[in-house]
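> Attaching a single structure in structure tokens format; questions to follow.
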Amino acid sequence: MPLVSIITPTFGRARFLPALARCVAQQQQVDWEWLVLDDSPAPNDWMREQGARDPRIRYRHSPARLTIGAKRGQLVAMARGDLIAHFDDDDYYAPHYLADMARLLTERHADLVKLSAFFLYAPQAGLLGYMDLNAPDGPQYMPVAAKVSAVDPHDVMPIGDDFVLCYGFSYVYRRALAAAAQFADVDLGEDDNFIRAVVAAGHRVETVDDVRQSCLHVVHPNSTSRCFARYRLPAFLLPQLFPGYAGYPG
Numbered sequence: 661m662p663l664v665s666i667i668t669p670t671f672g673r674a675r676f677l678p679a680l681a682r683c684v685a686q687q688q689q690v691d692w693e694w695l696v697l698d699d700s701p702a703p704n705d706w707m708r709e710q711g712a713r714d715p716r717i718r719y720r721h722s723p724a725r726l727t728i729g730a731k732r733g734q735l736v737a738m739a740r741g742d743l744i745a746h747f748d749d750d751d752y753y754a755p756h757y758l759a760d761m762a763r764l765l766t767e768r769h770a771d772l773v774k775l776s777a778f779f780l781y782a783p784q785a786g787l788l789g790y791m792d793l794n795a796p797d798g799p800q801y802m803p804v805a806a807k808v809s810a811v812d813p814h815d816v817m818p819i820g821d822d823f824v825l826c827y828g829f830s831y832v833y834r835r836a837l838a839a840a841a842q843f844a845d846v847d848l849g850e851d852d853n854f855i856r857a858v859v860a861a862g863h864r865v866e867t868v869d870d871v872r873q874s875c876l877h878v879v880h881p882n883s884t885s886r887c888f889a890r891y892r893l894p895a896f897l898l899p900q901l902f903p904g905y906a907g908y909p910g
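Rendered as structure tokens:
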């Protein structure tokens with residue numbers, strides 16, 4: 661299996677990074693490197709120590725503030741792997757996640773794969789749910805601070821026919837795509853122009869529903885994305901579905 665470059669742009673989330681480091685270290689049956697670009701006010705000494713101990717981890721601090729899109733672009737330029745995987749700093753990725761996604765990329769002869777339906781958890785609202793990008797219509801559960809509201813997603817945000825391509829936290833793709841598409845220099849929706857350019861250039865994009873509890877998308881007050889759960893699950897199922905998830909750190 662080819663080397664996978666895991667990329668993580670981050671700002672002000674030092675408390676999240678140890679949990680993500682465990683996710684990275686526990687990835688099975690795949691060779692990886694982990695690239696972190698941090699534009700927090702001060703460098704993260706803990707991350708620097710991780711990089712000193714493990715040459716597969718490369719941590720870079722930028723003294724200048726950058727958008728998430730700019731950080732993603734720089735991380736892609738730093739990557740050495742043939743494949744690139746987005747690991748967002750506040751999400752949980754199960755040990756089998758990366759191998760499954762890389763295998764799917766090969767089996768489907770795809771250039772990019774992503775999740776089209778996934779588990780989400782909003783700790784402040786106590787919401788454990790399942791978001792289905794294939795079915796964005798009708799009443800759904802939306803976490804707002806410490807509450808859960810029933811909403812129609814179309815009333816909250818514009819949703820087009822390509823909605824299933826959105827939410828880049830689960831993108832895994834061939835590094836060669838960087839020649840065909842770039843990330844917008846913005847903090848929200850930076851992956852939209854990237855994925856649309858990929859599709860416009862004729863590259864093959866495949867989506868898959870998460871039926872193996874591969875990833876937990878965590879929604880909290882500082883999240884940059886808005887999410888809706890088509891299905892609400894009992895919160896007590898969280899440790900059964902994701903036994904490796906250590907909980908919200910802040």
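Every position in the sequence shown, counted from 1, becomes a number in the working numbering once 660 is added.
Glycine is no exception: its CB is placed at the ideal position from the N, C-alpha and C atoms.
Given the structure is predicted, the values throughout are model-derived calculations rather than measurements.
1) Using the Cβ count rule (16 or more neighbours within 10 Å means buried), how would you classify Tyr891?
2) Please list, in chain order, all residues of the same chain as Ala867 whose beta carbon is under 6 Å from its beta carbon, the five residues on each side excluded.
3) What three-state label does DSSP hand Val871 in the structure shown?
4) Let me know if Ala730 comes out buried or exposed under the rule of 16 or more other beta-carbons within 10 Å of its beta-carbon.
5) Does DSSP put Phe779 in a helix, a strand or coil?
6) DSSP three-state label for Leu669, please.
7) Whose C-beta lies closer than 7 Å to the C-beta of Gln842 among residues of the same chain, with five residues either side of it excluded?
8) So, helix, strand or coil for Gly789, using DSSP?
9) Tell me whether the beta-carbon of Thr727 lies closer than 7 Å to the beta-carbon of Asp870.
10) Based on Cα-Cα distance, which residue from Val865, Glu850 and Tyr752 lies nearest to His769?
11) Quick one: Cα of Arg658 to Cα of Leu764, how far?
12) Return helix, strand or coil for Asp812, following the three-state DSSP convention.
13) Would the beta-carbon of Val811 fall within 7 Å of that of Leu758?
14) Look up Arg886 in the DSSP assignment and say whether it is helix, strand or coil.
15) Using the Cβ count rule (16 or more neighbours within 10 Å means buried), how would you classify His814?
16) What does the Cβ neighbour count give for Arg626, buried or exposed, with the cut at 16 atoms within 10 Å?
17) For Gln900, name the three-state secondary structure that DSSP assigns.
18) Would you mind listing the alpha helix (DSSP H) stretches within the stretch 825-860 that are 4+ residues and don't spill past its ends, in chain order?
19) Pull up the distance between the alpha-carbon of Ala717 and that of Cys875, whole angstroms please.
Let me lay it out:
1) Against the sequence shown, residue 891 aligns to sequence position 231. It counts as exposed.
2) Within the sequence shown, the letter at position 207 stands for residue 867. Looking at the sequence itself, residue 867 is Thr, so the reference to Ala does not match. Excluding positions up to five away in sequence, the list reads Lys774, Ser776 and Val824.
3) On the sequence shown, residue 871 is found 211 positions in, with the first residue counted as 1. In the structure shown, Val871 sits in coil (DSSP, three-state: anything other than H, G, I, E or B).
4) Position 70 of the sequence shown, counted from the first residue, corresponds to residue 730. Answer is buried; the Cβ neighbour count reaches 16.
5) In the sequence shown, counting from the first residue as 1, residue 779 sits at position 119. Strand at Phe779.
6) For the purposes of this step, residue 669 is taken as the residue at position 9 of the sequence shown. In the sequence as displayed, the identity of residue 669 is Pro instead of Leu. Correct three-state label for Pro669: strand.
7) Residue numbering aside, residue 842 sits at position 182 when the sequence shown is read from its first letter. Around Gln842: Gly733 and Phe854.
8) Along the sequence shown, one-based indexing puts residue 789 at 129. In the structure shown, Gly789 sits in a strand (DSSP, three-state: E or B).
9) Translated into positions along the sequence shown, residue 727 becomes position 67. Translated into positions along the sequence shown, residue 870 becomes position 210. No. Outside cutoff.
10) As a working mapping, residue 769 is identified with position 109 in the sequence shown. Nearest of Val865, Glu850 and Tyr752 to His769, Cα basis: Val865.
11) The first residue shown for the chain is 661 and the last is 910, placing residue 658 beyond what the model contains.
12) Counted from its first residue, the sequence shown places residue 812 at position 152. It is coil, neither helix nor strand.
13) Stepping through the sequence shown from its first residue, residue 811 is reached at position 151. Stepping through the sequence shown from its first residue, residue 758 is reached at position 98. No.
14) The residue given as residue 886 occupies position 226 in the sequence shown. Correct three-state label for Arg886: coil.
15) As a position in the sequence shown, residue 814 is number 154, starting the count at 1. Classification for His814: exposed.
16) Nothing can be reported for residue 626, as the shown portion of the chain is limited to 661 through 910.
17) The residue given as residue 900 occupies position 240 in the sequence shown. Note: Gln900 maps to helix in three-state DSSP.
18) 850-860
19) In the sequence shown, counting from the first residue as 1, residue 717 sits at position 57. In the sequence shown, counting from the first residue as 1, residue 875 sits at position 215. Residue identity differs from the one stated: residue 717 is Ile in this sequence, not Ala. Looking at the two C-alpha atoms, the distance is approximately 21 Å.
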